[in-house]
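A.B. asks: First residue of the sequence shown? That's 0 in numbering that gives the first Met the number 0, and the numbers climb one at a time after it. Quick one: the structure is below, and I'll ask about it shortly.
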Amino acid sequence: MLRRTTSTIGGWRSRHPLAADVALACALSTASVAADLSSAGPLHDGVVDGPDLVATAIALGGVALRGRWPRQVLVGTAVAAGLVILLAGIRPVLPLAIGLIAYTAASRTPSRGAWTTAAAVAAGLYAVEAYAVTGVLWSTEGFPAVAWIGMTTALGEAARTGRAYIAEAEGRARHAEQTREEEAARRVVEERVRIARDLHDVVAHHIAVINVQAGAATHVLDRDPAMAAQALGHIRDACEVVLGELSSIVGVLRQSGDTDPPHRLDDLTALVGAITAAGLSVEREQLGAPRELPSVVDVAAYRIIQEALTNAHKHGTGTAHLTVAYTDEGVSLTVTNHRARTASRQPGSGYGLIGMRERAATAGGTLSAGPTPEGRFTVRAELPAPRRTP
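Here it is as structure tokens:
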């Protein structure tokens, strides 16, 4: 409740700064007059006279206007207070008001200017108070004014520095969040470009096959119609494969880059060997009889396994289990590893997982990834590739 009330007051003050300063000045002036009327002593004489009213008016004006022109108001209030002190003695409300104005000036203006103004005001008040009490310009009676202004200026400087630090930290946090989102978008685009390059290589291969078979059919069409029919059958099969893979990645544009042929599941032995040499022990298991898969599924399966094993090496304890299961509906991939205690990345927030999901979606499949209650991290992909009936 207290925190909510403080937040409400702070919000109202930020929306109405002048009204807040006037209210504070009125409260300060009222408290000063009440103190003069209620007690008598070294600071209060029990009577409100003309100098008390003048000092209260000076404090009221200075505190009310301190938010708009802090340094100018500080100097003006100090000069007026010095005149009152010389003519009628020290009034307690004046040092208090000057301290508040000095705090505001230091918290809202650059450090060098605030300290220069505060030093000039402190020197003037020191001389005025020393002369008003002892009749000379050099006396220990003026030290309290110097100490009071120095303390309030230091507090204002600390408040300004703290606000600047918080603002800079918030700015860096916003920039980091924006950069992270941009980086994620860039990684997604790069992954799509790599998928497009793989698709280009696959399609180019089948087009080359079609070209060769078409040339062969042309040469043997008159002499051996059966062989020409066989070549035309190969052309038909290659066209079906190309059309199927093109329809799975419509809208992905290929950019220039490397021209290495895409890796497939047949290259898993070399991949596991490279990962093992890097320090990850991989236990590999294969279920079902391997068969030829559509190129887009074959390439996507290899890339998913590659990224999953890389993540296991980065965030795991040094071991991983890989299962490749061939079914009548397609191929199922599972990579499981124990999570290291220092791993702090939340499930699904990594760029590698984004790329794997893109790969699975491109092949028409699904991918899930996340921790298990046993302390393991599991990546599971289901890629459709129905078995063809002879």
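For every residue, glycine included, the Cβ atom is placed at its ideal position computed from N, Cα and C.
Exposed or buried, Arg90, counting other C-beta atoms within 10 Å across all chains shown (16 or more means buried)?
C.D. replies: On the sequence shown, residue 90 is found 91 positions in, with the first residue counted as 1. Residue burial is scored here from C-beta neighbours: Arg90 has at least 16 other C-beta atoms within 10 angstroms and is therefore classed as buried.
A.B. asks: In the stretch 81–143, which residue ranges form an unbroken alpha helix (DSSP H) of at least 4 residues, counting only runs that do not cross its ends?
C.D. replies: As summarised for the stretch 81–143, the continuous alpha helix (DSSP H) elements at least 4 residues long and confined to that stretch are 92–107 and 110–133, given in chain order.
A.B. asks: Starting from Glu284 and walking both ways along the beta strand (DSSP E), at which residues does that stretch end?
C.D. replies: On the sequence shown, residue 284 is found 285 positions in, with the first residue counted as 1. Unbroken beta strand (DSSP E) run through Glu284: Ser280 to Leu286.
A.B. asks: According to DSSP, is Glu156 part of a helix, a strand, or is it coil?
C.D. replies: Residue 156 sits at position 157 when you count from the first residue of the sequence shown. It is helical.
A.B. asks: By the DSSP assignment, the alpha helix (DSSP H) with Gly272 in it spans what residues?
C.D. replies: Counting from 1 along the sequence shown, the entry for residue 272 is found at position 273. Where Gly272 is concerned, the enclosing alpha helix (DSSP H) stretches over Leu267 to Ala276.
A.B. asks: With distances taken between CB atoms, is the gap from Ala119 to Thr152 smaller than 9 Å?
C.D. replies: Along the sequence shown, read from residue 1 onward, the residue named residue 119 stands at position 120. Along the sequence shown, read from residue 1 onward, the residue named residue 152 stands at position 153. No, Cβ-Cβ distance for Ala119 and Thr152 is not below 9 Å.
A.B. asks: Considering only their Cβ atoms, is the gap separating Arg302 from Arg358 smaller than 9 Å?
C.D. replies: Here residue 358 corresponds to residue number 359 of the sequence shown, with the count starting at 1. Here residue 302 corresponds to residue number 303 of the sequence shown, with the count starting at 1. Cβ distance < 9 Å, so Arg358 and Arg302 count as in contact.
A.B. asks: Alpha carbon to alpha carbon, what distance is there between Gly161 and Pro397?
C.D. replies: Any answer about residue 397 is impossible in this case: the structure gives the chain only from 0 up to 389.
A.B. asks: Closer than 8 Å to a non-hydrogen atom of the ligand GDP - does that hold for the CB of Glu181?
C.D. replies: Among the components of this structure there are no ligands whatsoever, and the ligand GDP is therefore not found.
A.B. asks: Output yes or no for whether 9 Å exceeds the beta carbon distance between Arg65 and Thr103.
C.D. replies: Taking the sequence shown and counting its residues from 1, the one referred to as residue 65 is at position 66. Taking the sequence shown and counting its residues from 1, the one referred to as residue 103 is at position 104. It is a contact, given that the beta carbons lie within the stated cut-off.
A.B. asks: Taking Thr333 as part of the beta strand (DSSP E), name the residues at either end of that continuous run.
C.D. replies: The residue given as residue 333 occupies position 334 in the sequence shown. First-last of the beta strand (DSSP E) with Thr333: Gly329 to Arg338.
A.B. asks: May I have the straight-line CA-CA distance separating Ile353 from Val187, to the nearest angstrom?
C.D. replies: By one-based count along the sequence shown, residue 353 stands at place 354. By one-based count along the sequence shown, residue 187 stands at place 188. Here the alpha carbon of Ile353 sits roughly 7 Å from the alpha carbon of Val187.
A.B. asks: Comparing C-alpha positions only, which one of Val127, Met150 and Gly149 sits nearest to Glu140?
C.D. replies: Taking the first residue of the sequence shown as position 1, residue 140 is located at position 141. Ranked by how close their Cα comes to the Cα of Glu140, the residues Val127, Met150 and Gly149 have Val127 in first place.
A.B. asks: Just the Cα atoms here: how many angstroms apart are Ala390 and Asp236?
C.D. replies: Only positions 0 to 389 of the chain appear in this structure, which leaves residue 390 out of reach.
A.B. asks: Give me, in chain order, the residues of the same chain whose beta-carbon lies closer than 6 Å to that of Asp257; leave out the 5 immediate sequence neighbours on both sides.
C.D. replies: Your numbering for residue 257 matches position 258 in the sequence shown. Residue confidence for Asp257 is low, a pLDDT of 45 falling below 50, so the modelled location carries little weight and cannot support an answer.
A.B. asks: Near Ala77, which residues of its chain fall below 8 Å by C-beta distance, leaving aside the five closest residues on each side in sequence?
C.D. replies: Locating residue 77 in the sequence shown gives position 78, where the first residue counts as 1. Cβ neighbours of Ala77 beyond the five flanking positions: Ile97, Val120, Gly123 and Leu124.
A.B. asks: Does the beta carbon of Ala105 come closer than 9 Å to any beta carbon on chain C?
C.D. replies: As a matter of chain content, chain C is missing from the structure shown, which is built from one protein chain.
A.B. asks: Just checking, does the stretch 330–338 make contact with the stretch 373–380 on the three C-beta pairs under 8 Å criterion?
C.D. replies: yes
A.B. asks: Measure the Cβ-Cβ separation of Leu286 and Val323 and say whether it is below 9 Å.
C.D. replies: Residue numbering aside, residue 286 sits at position 287 when the sequence shown is read from its first letter. Residue numbering aside, residue 323 sits at position 324 when the sequence shown is read from its first letter. Yes, these two residues count as a Cβ contact at 9 Å.
A.B. asks: Excluding the 5 residues flanking Glu373 on each side, which residues of the same chain have their C-beta closer than 8 Å to its C-beta?
C.D. replies: The residue given as residue 373 occupies position 374 in the sequence shown. Closer than 8 Å at Cβ, skipping near neighbours: no residue.
A.B. asks: Kindly list the residues whose CB is nearer than 7 Å to the CB of Ile234, restricted to its own chain and excluding five residues on each side of it in sequence; keep chain order.
C.D. replies: Residue numbering aside, residue 234 sits at position 235 when the sequence shown is read from its first letter. Closer than 7 Å at the Cβ level, and outside the excluded window around Ile234, lie Ile209, Gln212 and Ala213.
A.B. asks: Could you check which residue in Pro370, Asp297 and Thr318 has the C-alpha nearest to that of Ala384?
C.D. replies: Indexing the sequence shown from 1 puts residue 384 at position 385. Of Pro370, Asp297 and Thr318, the residue nearest in Cα terms is Asp297.
A.B. asks: Rank Ala168, Glu156 and Ala183 by C-alpha distance to the C-alpha of Thr108 and give the top, closest one.
C.D. replies: In the sequence shown, the residue the question calls residue 108 occupies position 109. When each option's Cα is compared against that of Thr108, the closest is Glu156.
A.B. asks: Along the beta strand (DSSP E) that carries His262, what are the first and last residues, could you check?
C.D. replies: Counted from its first residue, the sequence shown places residue 262 at position 263. Per DSSP, His262 belongs to no beta strand (DSSP E) and is neither H nor E.
A.B. asks: Grab me the residues of Gly351's own chain with a C-beta within less than 6 Å of its C-beta, minus the 5 sequence neighbours each way, in chain order.
C.D. replies: Counted from its first residue, the sequence shown places residue 351 at position 352. Around Gly351, the same chain offers Glu306 and Asn310 as residues with beta carbons nearer than 6 Å, after the five sequence neighbours per side are excluded.
A.B. asks: I think Ile100 touches Ala80, with their Cβ atoms under 8 Å apart; what is that distance to the nearest whole Å?
C.D. replies: Looking up residue 100 in the sequence shown gives position 101. Looking up residue 80 in the sequence shown gives position 81. Contact doesn't hold; Cβ gap of about 10 Å is too wide.
A.B. asks: Tell me the rounded alpha-carbon separation between Thr133 and Pro143.
C.D. replies: To locate residue 133, count along the sequence shown from 1; it is residue 134. To locate residue 143, count along the sequence shown from 1; it is residue 144. One C-alpha to the other measures close to 15 Å.
A.B. asks: Determine whether the beta carbon atoms of His337 and Gly364 lie at a separation below 9 Å.
C.D. replies: By 1-based counting over the sequence shown, the position of residue 337 is 338. By 1-based counting over the sequence shown, the position of residue 364 is 365. Contact: no.
A.B. asks: Could you tell me the distance, in whole angstroms, from the CA atom of Met293 to the CA atom of His218?
C.D. replies: Against the sequence shown, residue 293 aligns to sequence position 294. Against the sequence shown, residue 218 aligns to sequence position 219. Reading the sequence as shown, one finds Pro at residue 293 and not Met. If I take the Cα positions, the gap works out to 30 Å.
A.B. asks: Indicate the three-state DSSP secondary structure (helix, strand or coil) for Arg375 in the structure shown.
C.D. replies: The residue you call residue 375 lines up with position 376 of the sequence shown. The answer is strand: DSSP assigns Arg375 an E or B state.
A.B. asks: Look at the alpha carbon of Val202 and the alpha carbon of Glu182, and state the distance between them as a whole number of angstroms.
C.D. replies: Here residue 202 is taken as the residue at index 203 of the sequence shown, counted from 1. Here residue 182 is taken as the residue at index 183 of the sequence shown, counted from 1. Between the alpha carbons of Val202 and Glu182 lies a gap of roughly 30 Å.
A.B. asks: Determine the direct distance from the alpha carbon of Arg159 to that of Arg173, and round the result to whole angstroms.
C.D. replies: Residue numbering aside, residue 173 sits at position 174 when the sequence shown is read from its first letter. Residue numbering aside, residue 159 sits at position 160 when the sequence shown is read from its first letter. Taking the straight line from one Cα to the other gives about 21 Å.
A.B. asks: What does the alpha-carbon distance come out to for the pair Val192 and Arg67?
C.D. replies: Numbered from 1 along the sequence shown, position 193 holds the residue referred to as residue 192. Numbered from 1 along the sequence shown, position 68 holds the residue referred to as residue 67. C-alpha separation (whole angstroms): 57 Å.
A.B. asks: Would you tell me roughly how many angstroms separate the C-alpha atoms of Asp51 and Leu86, rounded to the nearest one?
C.D. replies: To locate residue 51, count along the sequence shown from 1; it is residue 52. To locate residue 86, count along the sequence shown from 1; it is residue 87. Each residue's alpha carbon lies about 12 Å from the other.
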